[in-house]
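Presented below is the structure to which this report refers.
Protein chains: 2
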Amino acid sequence: MKDQASAPRRLGEIGLNNFPPYLMNRIMGRYNASLREDMAHQGMSTPKMRSLAVLSVIDGILIRELAIYAVVEQSTLSRALDGLAADGLIRRETDREDSRATRVFITEKGRATFERHWPAMARAHDQMFQDIPQAEQQAFLATLHKILRNVRRNEF
Amino acid sequence: MKDQASAPRRLGEIGLNNFPPYLMNRIMGRYNASLREDMAHQGMSTPKMRSLAVLSVIDGILIRELAIYAVVEQSTLSRALDGLAADGLIRRETDREDSRATRVFITEKGRATFERHWPAMARAHDQMFQDIPQAEQQAFLATLHKILRNVRRNEF
DNA sequence: CCAAGATATTTGCAAAAGCATTTAATCCTG
DNA sequence: CAGGATTAAATGCTTTTGCAAATATCTTGG
């Protein structure tokens with residue numbers, strides 16, 4: 084009987100609490116809502132914030148790559164970048180080798196802005212993992228990597 | 084040195100790939116996008132789908148509870164329910180004990196509709212966890228439960 | 001080397017989401 | 001037990017999304 088190895092049969096049978104995607108949506112719903120609260124005041128949106136976060140780590144990336152890393156639709160991202168550029172937080176620059184493509188660079192002001200928001204993200208993260216042993220957190224992270232590899236459709 | 088127990092110092096130092104909320108957003112972004120593709124054709128939206136999914140497990144729930152379980156803003160949910168009711172997939176009924184509140188019930192047609200969509204959810208789930216041992220999946224699930232308990236603000 | 005097809009980004013537009021307000025009912029406190 | 005505070009849900013309105021189409025550039029087979 085090599086049954087049920089992976090896919091649960093019916094949602095009713097396994098229950099919401101044993102269906103990981105459900106739990107992950109619940110968790111990320113809270114996480115994102117709490118960040119949104121924090122940012123709303125300062126005229127920052129989720130796509131903008133995510134863009135800055137990614138750029139603070141990987142600068143000079145192509146827009147299409149940023150869309151993937153930041154988990155934002157490209158058209159939405161395009162407009163978010165308009166806003167960030169208008170505020171001087173990022174700078175767009177046509178790629179040298181391919182003039183269709185655009186690279187995005189974070190400015191000093193952009194970094195400073197992100198640093199101001201980072202504590203809220205760190206706090207949200209800490210709350211998520213409070214009272215969870217380091218070893219368990221490591222194992223969790225390792226599984227997340229496997230899952231991402233399973234679902235992503237890109238090279239990164 | 085009881086440092087760094089939980090909150091990483093700066094995102095740049097730890098990297099996106101070691102920041103669980105980032106990975107979870109990436110993963111759920113894909114999961115939800117893939118479901119959305121599947122549903123768009125059949126005039127079904129994410130809030131509608133999530134409502135049916137929750138109701139298929141917990142029927143006769145209050146709207147405000149459904150909003151939490153389904154991870155949907157209440158005003159958005161209200162309109163999603165309008166749509167579902169119009170299609171005869173759910174039924175709203177004023178609560179007996181508190182006539183401000185409304186309970187939502189899934190109809191047979193609603194169940195049937197959910198069953199039609201369920202395979203796509205199961206498929207997405209299977210893809211996520213392919214090649215991940217059962218024991219690891221169990222551990223992952225256990226950690227998700229802890230995290231949800233850490234972040235939720237409600238009794239459920 | 002040119003046309004047809006592919007790729008990167010932006011933009012138009014309609015649908016969706018979210019905040020704040022409204023309506024209605026219940027709770028609670030003095 | 002009246003009246004202000006609270007809670008549930010719906011609605012008005014504005015902003016944000018996201019799809020699809022447009023624009024611009026690049027690539028490649030003939």
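Protein chains in written order, with the numbering used here: chain A, 84 to 239; chain B, 84 to 239. Each residue gets a CB set at the ideal place from its N, CA and C atoms; glycine is no exception. Since the model is a prediction, treat every value here as computed from it, not as a measurement.
Kindly indicate the opening and closing residues of the beta strand (DSSP E) around residue i.
i      : result
A:V187 : 185-189
So with Cβ pairs under 8 Å, would you call residue i a contact of chain A?
i      : result
B:I230 : yes
B:S89  : With a pLDDT of 47 at B:S89, under the threshold of 50, the predicted position of this residue should be treated as unreliable, and no value is reported.
B:H124 : no
B:I215 : yes
B:G95  : yes
Give the secondary structure of residue i by DSSP, where H, G and I count as helix, E and B as strand, and everything else as coil.
i      : result
B:L145 : strand
B:R162 : helix
A:I173 : strand
A:R92  : coil
A:V155 : coil
A:Q210 : helix
A:E198 : helix
A:G193 : helix
A:N237 : coil
Taking 7 Å as the cut-off, is the CB of residue i close to at least one heavy atom of the ligand PLP?
i      : result
B:H200 : With respect to the ligand PLP, the structure offers nothing, as it holds no ligand at all.
Could you spell out the range, first to last residue, of the alpha helix (DSSP H) harbouring residue i?
i      : result
B:S117 : 103-123
A:Q221 : 217-234
B:R133 : 129-140
Give the residues of chain A in contact with residue i, contact being defined as C-beta atoms less than 9 Å apart.
i      : result
B:P130 : Within 9 Å Cβ-Cβ: nothing; B:P130 doesn't reach chain A, min ~12 Å.
Under 7 Å Cβ-Cβ, which residues of chain A neighbour residue i?
i      : result
B:A222 : A222
B:V154 : N108, R109, G112
B:E219 : T226
Give the residues of chain B in contact with residue i, contact being defined as C-beta atoms less than 8 Å apart.
i      : result
A:F212 : S89, P103, I230, N233
Taking Cβ-Cβ distances shorter than 8 Å, what residues in chain A pair up with residue i?
i      : result
B:S161 : None at all; the shortest Cβ gap to chain A is about 17 Å.
B:G193 : Simply none; closest approach about 13 Å.
B:V137 : L99
Counting only C-beta atoms, is residue i closer than 8 Å to chain B at any point?
i      : result
A:V140 : yes
A:H208 : yes
A:D121 : no
Open item on the list: For the structure I just gave you, are there three or more beta carbon pairs, one from the segment 195-214 of chain A and one from the segment 196-214 of chain B, closer than 8 Å?
Closed with: no
Open item on the list: Taking contact to mean 3 or more Cβ pairs, one atom from each stretch, closer than 8 Å, check whether the segment 110-118 of chain A and the segment 147-161 of chain A are in contact.
Closed with: Between the segment 110-118 of chain A and the segment 147-161 of chain A there are fewer than three C-beta pairs closer than 8 Å, too few to call the two in contact.
Open item on the list: Using 8 Å as the cut-off, can you tell me whether the segment 167-185 of chain B makes contact with the segment 130-141 of chain B, which would need three or more C-beta pairs spanning the two stretches below that distance?
Closed with: yes
Task: Contact the segment 124-132 of chain A vs the segment 151-171 of chain A: 3+ CB pairs below 8 Å - done: yes
Open item on the list: Quick check: the segment 216-226 of chain B against the segment 178-192 of chain B, are at least 3 beta-carbon pairs closer than 8 Å?
Closed with: Touching, no.
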